[in-house]
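Student: Sending over a structure as structure tokens; questions will come in a sec.
Protein chains: 2
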Amino acid sequence: MDENSIYLDHGAATPLDERVLEAMKPYFSQKFFNPSSPYLPAVLVRREYEEAKSVLANLIGAKSGEIIITAGATESINLVFNSISGHVIVPNIEHQAILANAFCKDSTIVKSNTKGLISPESIKSAIKPNTQLVSVALANNEIGTIQPIREIAEVIKSERQNRLMRGEKMPIYLHTDASQASGLLDINVARLGVDMMTLNAGKIYGPKQVGLLWSASHVKLQPLVIGGGQERGLRSGTENVAGTIGFAKALEIVIQHRNFETKRLKDLRDMMQNELINNFPDAVVSGHQKHRLANYLHVAFPRIDGERLVFILENRGVLVATGSACSANKANRSHVLDAIGLSDEIANGSIRITLGRLSTQDNIRTATEIIIEEVRNEYKRLNT
Amino acid sequence: MDENSIYLDHGAATPLDERVLEAMKPYFSQKFFNPSSPYLPAVLVRREYEEAKSVLANLIGAKSGEIIITAGATESINLVFNSISGHVIVPNIEHQAILANAFCKDSTIVKSNTKGLISPESIKSAIKPNTQLVSVALANNEIGTIQPIREIAEVIKSERQNRLMRGEKMPIYLHTDASQASGLLDINVARLGVDMMTLNAGKIYGPKQVGLLWSASHVKLQPLVIGGGQERGLRSGTENVAGTIGFAKALEIVIQHRNFETKRLKDLRDMMQNELINNFPDAVVSGHQKHRLANYLHVAFPRIDGERLVFILENRGVLVATGSACSANKANRSHVLDAIGLSDEIANGSIRITLGRLSTQDNIRTATEIIIEEVRNEYKRLNT
Chain A
0 MDENSIYLDH GAATPLDERV LEAMKPYFSQ KFFNPSSPYL PAVLVRREYE EAKSVLANLI
60 GAKSGEIIIT AGATESINLV FNSISGHVIV PNIEHQAILA NAFCKDSTIV KSNTKGLISP
120 ESIKSAIKPN TQLVSVALAN NEIGTIQPIR EIAEVIKSER QNRLMRGEKM PIYLHTDASQ
180 ASGLLDINVA RLGVDMMTLN AGKIYGPKQV GLLWSASHVK LQPLVIGGGQ ERGLRSGTEN
240 VAGTIGFAKA LEIVIQHRNF ETKRLKDLRD MMQNELINNF PDAVVSGHQK HRLANYLHVA
300 FPRIDGERLV FILENRGVLV ATGSACSANK ANRSHVLDAI GLSDEIANGS IRITLGRLST
360 QDNIRTATEI IIEEVRNEYK RLNT
Chain B
0 MDENSIYLDH GAATPLDERV LEAMKPYFSQ KFFNPSSPYL PAVLVRREYE EAKSVLANLI
60 GAKSGEIIIT AGATESINLV FNSISGHVIV PNIEHQAILA NAFCKDSTIV KSNTKGLISP
120 ESIKSAIKPN TQLVSVALAN NEIGTIQPIR EIAEVIKSER QNRLMRGEKM PIYLHTDASQ
180 ASGLLDINVA RLGVDMMTLN AGKIYGPKQV GLLWSASHVK LQPLVIGGGQ ERGLRSGTEN
240 VAGTIGFAKA LEIVIQHRNF ETKRLKDLRD MMQNELINNF PDAVVSGHQK HRLANYLHVA
300 FPRIDGERLV FILENRGVLV ATGSACSANK ANRSHVLDAI GLSDEIANGS IRITLGRLST
360 QDNIRTATEI IIEEVRNEYK RLNT
């Protein structure tokens, strides 16, 4: 990246923290052993791997034996759905990895409101006798709306108790994909009340291609990948030692600075949002204004071509996203913007700004000025 | 690893090549972008990712669009079997990732001979009208026997032609897991005559948790992991940019030095083998003496406790394996040694020595002396 570039796409990818890289380095060419090898240096590597898993578990209020290391959030999500034979409930604004899996099942897709919020009541009324899984992201990856997971968990808990009382054996689980939220929100699984949680190291300045699935001990998982029987038989293949150690370090760091960083990013985001709204009173900020990730600013300038704006801003050194960059097929219109009922005119004029560690007061001020200038130019162009 | 340790377990894991790490570094915290992001720096990252896939494809004589990057050989193998609905044929000495998948299918397990060799005739006679997959590792991961893949490919080709002539539509594919062989053997897919091939970066001084599946364009794959639609919809999840660039560099380096390194390791291995046999005429070297990976020496000292020997050697700084380290469950007796008909007395006295880049004439001489000394001590102990 050009030194003078202002990176405003932390929702798509984050740079690897230098401290995380330092923690991983010994495992590249010194402690490179297969953790299943019998000699002491390999046994120590296994111990360090297990310790890193314990750290990850501790940081989310779970037990070490409940964590499965995966190659990222998408694999974790597929592992969840692979374990489900019954009916599933997912919101219509979920990430494609969730939706693609739900479409392969007997599923009910519940609707979000115009703020991207999923009501616990809508989940409750979608539950059927054979509902086995409800999967709701802790925060939406396009517009940043934070879901009322605790309240949804109460709904699931109450359904579980009803089933127990009726002597029914069909289990019901709540899974949350907390990939996008884990740097900024409480992800203690007991406090959230979930049964399964997906995290992604690549979103929190950790190594890419590393994720985890936490599942409570009462959840019965079915492996996607079988073979040598690693990860309690739930994910075969030689363990990802360096990646897991990096992941633990990355999560430790984000949680340590979470309160401070959340406040800092919220202040910067709000400053930018206010400036943009002051200059363009017609601009539409999507997502819930209160229950929203502190680093998210999804903003639409009606009638403007959002994709064009992304390239114009890039020429000025400001890197923002059009929609979700998670999809390999960018030709599709964002299903999230459809779901929250944005008109074409507004949806097409939207950009997604996600702040993060590379954001400073200075560069956010500069970026804000550049965006205002270029949006103004675009409106001038449209009006002449 | 202790500087003075002599690492003789290259079959289990290899240290990351410094040049590979250098190639990967820019993608950690500089070019860390999501390759699906729209701005130029991310577009360039996608291009570099695609270029690395082209390099990988070129190195195995394939086309870039035929490569799927995975998290390792086990995932690649699971992707192969996930795509198969018909009957499968696998040898009884395959890696557990292959066997575990075959056991979930209608399968025929063909027997190896006592040298670990799979005869093309045994494959031929196992073929049924609904056989869809034959999967044979290019070289065995425990004893190093190299399989006659070209001849097996001829059997498959002839069956395919017969089916075509009979107007039958059931396809038949040959997959080879070349993970263990890729540093030392020709892995040109056209010359091998295979339809699918699995490779693993972690076995060739590349990054761990990176593998690939090559499949010819006529093979219809079914994804294991769905979501954003990356890798032509066959493996969703943000692409592994750094890992793939490292993998390409690692494969480039091993292929460049393959002839030299094969000769070098064979000379060292043969020197060690001859010394051991001269000193212990009862020692049993497993695997085919001619068709065997140049770096493999699987040797048994009858009546000796192989596991104990591993720990004794470790105390002397010599790191060897008992059996395959790929398994998380080391309590199981090696199925490969069973398959080649080793008696308990011999199998239990075996160690697996795998040479590699960390092997030098000096340290192989030293290790040979130490092994001779300690095996002699063990026999003395048994005889008093």
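Taken in sequence, the protein lines are chains A and B.
Going by numbering that gives the first Met the number 0, the first sequence opens with residue 0, and the numbers climb by one from there.
Going by numbering that gives the first Met the number 0, the second sequence opens with residue 0, and the numbers climb by one from there.
Idealized CB from N, CA, C, for every residue including glycine.
#1: Could you name the residues of chain A that B:ILE76 contacts, counting a contact when the two beta carbons are closer than 8 Å?
#2: Report buried or exposed for B:THR383, applying the criterion of at least 16 other Cβ atoms within 10 angstroms of its Cβ.
#3: Enumerate in chain order the residues of its own chain whose CB-to-CB distance from B:HIS217 is below 8 Å, with the five nearest sequence positions on each side excluded.
#4: Would you mind giving the Cβ-Cβ distance between A:ASN77 and A:ASN100, rounded to the nearest angstrom? I have them listed as a contact below 8 Å.
#5: Would B:GLY205 and B:THR197 qualify as a contact pair, given that the criterion is a beta-carbon distance under 8 Å?
#6: Check whether the Cβ atoms of B:VAL224 and B:GLY236 sit closer than 8 Å, and answer yes or no.
#7: For the beta strand (DSSP E) holding B:TYR48, just list the boundary residues, first then last.
#8: Exposed or buried, B:HIS174, counting other C-beta atoms within 10 Å across all chains shown (16 or more means buried)?
#9: Are the CB atoms of B:ILE97 and B:SER134 nearer to each other than 8 Å?
#10: Look up B:SER106 in the DSSP assignment and give the residues it is bridged to.
#11: Counting C-beta neighbours from all protein chains within 10 Å, is the total for A:HIS256 16 or more, i.e. buried, or is it exposed?
#12: Within 8 Å (strictly less), CB to CB, does A:ALA320 reach chain B?
#13: Please work out which residues of its chain come closer than 8 Å, Cβ to Cβ, to B:ASN112, disregarding the five sequence neighbours upstream and downstream, and give them in chain order.
#14: Please decide whether B:PHE259 counts as near chain A, where near means a Cβ-Cβ distance under 8 Å.
#15: What residues in its chain sit with their C-beta under 6 Å from that of A:LYS207, if we drop five residues either side in the sequence?
#16: Nearest chain A C-beta to B:VAL298 closer than 8 Å, yes or no?
#17: Check the DSSP bridge columns for A:ASP8 and list the partner residues they point to.
#18: With a 10 Å radius around its C-beta and 16 neighbouring C-beta atoms as the bar for buried, classify B:ARG351 as buried or exposed.
#19: Beta carbon of A:THR73, beta carbon of A:ILE88: below 8 Å?
#20: Going by C-alpha to C-alpha distance, which of B:LEU116, B:LYS114, B:SER84 and B:ASN33 sits closest to A:PRO14?
#21: Would A:ALA299 pass as a contact of A:SER349 if the rule is Cβ separation under 8 Å?
#22: Determine the extent of the beta strand (DSSP E) in which B:ALA189 is found, giving its start and end residues.
#23: Can you find the residues in the same chain that come closer than 6 Å, C-beta to C-beta, to B:ALA51, ignoring five residues on each side of it along the sequence?
#24: On the DSSP bridge list, what partners appear for B:ILE67?
#25: Return no unless some Cβ of chain A is closer than 8 Å to the Cβ of B:PRO25.
#26: Would you kindly report the start and end of the unbroken alpha helix (DSSP H) that includes B:TYR386?
#27: Rounded to a whole number of angstroms, what is the C-alpha to C-alpha distance between A:HIS387 and A:HIS297?
#28: Can you tell me the Cβ-Cβ gap for A:THR353 and A:ASP105, rounded? I've got them flagged as a contact below 8 Å.
#29: Of the choices A:ALA41, A:GLY166, A:LEU250 and A:LEU132, whose alpha-carbon is the least far from that of A:LEU55?
#30: What does B:ASP8 touch in chain A if you count any residue whose Cβ is under 7 Å from its own?
#31: If we cut at 8 Å on Cβ distances, does B:SER358 have a partner in chain C?
#32: Between which two residues does the beta strand (DSSP E) containing B:ASP176 stretch?
#33: Along the region 83-101 of chain B, what residues have a CB closer than 9 Å to any CB found in chain A?
#34: By the 7 Å beta-carbon criterion, what residues does the region 332-348 of chain B contribute toward chain A?
#35: List the residues of chain B that A:VAL309 touches, going by C-beta distances under 8 Å, in chain order.
#36: Would you kindly check if the distance between the Cβ of B:GLY316 and the Cβ of B:ASP1 is under 8 Å?
Tutor: Reading from the atomic positions:
#1: Here the neighbours are GLY226.
#2: Counting the other Cβ atoms within 10 Å of the Cβ of B:THR383 gives fewer than 16, which makes it exposed.
#3: Contacts found: PRO170 and ASP194.
#4: Yes, A:ASN77 and A:ASN100 are in contact; Cβ-Cβ is about 6 Å, under 8 Å.
#5: When the beta-carbon positions are compared, B:GLY205 and B:THR197 stay at least 8 Å from each other.
#6: Result yes, Cβ atoms of B:VAL224 and B:GLY236 sit closer than 8 Å.
#7: Per DSSP, B:TYR48 belongs to no beta strand (DSSP E); it is in the alpha helix (DSSP H), 39-58.
#8: Answer is buried; the Cβ neighbour count reaches 16.
#9: Cβ distance < 8 Å, so B:ILE97 and B:SER134 count as in contact.
#10: The partner list for B:SER106 (beta bridge, DSSP) reads B:VAL87.
#11: Taking a 10 Å sphere around the C-beta of A:HIS256, we find fewer than 16 other C-beta atoms and assign the residue as exposed.
#12: True, the Cβ-Cβ gap to chain B drops below 8 Å.
#13: SER118 and ILE339, listed in sequence order.
#14: Output row for B:PHE259: interface = no.
#15: The answer, listed in chain order, is GLY201.
#16: Interface with chain A (8 Å Cβ-Cβ cutoff): B:VAL298 is excluded.
#17: Checking the DSSP bridge columns, you'll see A:ASP8 partnered with A:THR353.
#18: Buried, since its Cβ has 16 or more Cβ neighbours within 10 Å.
#19: Pairing A:THR73 with A:ILE88 gives a Cβ-Cβ distance that is not under 8 Å.
#20: Closest by alpha carbon: B:ASN33.
#21: Result yes, Cβ atoms of A:ALA299 and A:SER349 sit closer than 8 Å.
#22: Looking at the DSSP string, B:ALA189 is not in any beta strand (DSSP E); the run it does join, the alpha helix (DSSP H), is 188-191.
#23: Residues of the same chain with a CB within less than 6 Å of the CB of B:ALA51, apart from the 5 flanking positions on each side, are THR243, ILE244 and ALA247 in chain order.
#24: Note: B:ILE67 sits in a beta bridge opposite B:LEU212.
#25: Chain A, which has no Cβ nearer than 8 Å to the Cβ of B:PRO25, makes this no.
#26: Outside the displayed range of chain B (0 to 383) lies residue 386 of chain B, so it cannot be described from this structure.
#27: The structure shown does not extend to residue 387 of chain A, since chain A spans only 0 to 383, so no value can be given for it.
#28: Between A:ASP105 and A:THR353 the Cβ distance is about 34 Å, and since that is not below 8 Å, they are no contact.
#29: Nearest C-alpha to A:LEU55: A:LEU250.
#30: Correct list: SER36.
#31: Among the protein chains of the structure shown, namely A and B, there is no chain C.
#32: For B:ASP176, the uninterrupted beta strand (DSSP E) segment begins and ends at 172-176.
#33: Per Cβ criterion, the list reads HIS94, GLN95, ALA96, ILE97, LEU98, ALA99 and ASN100.
#34: Of all residues in the region 332-348 of chain B, none comes within less than 7 Å of chain A when Cβ atoms are compared.
#35: Those are PRO37 and TYR38, listed as they occur along chain B.
#36: Their beta carbons are under 8 Å apart, which means B:ASP1 touches B:GLY316 by this criterion.
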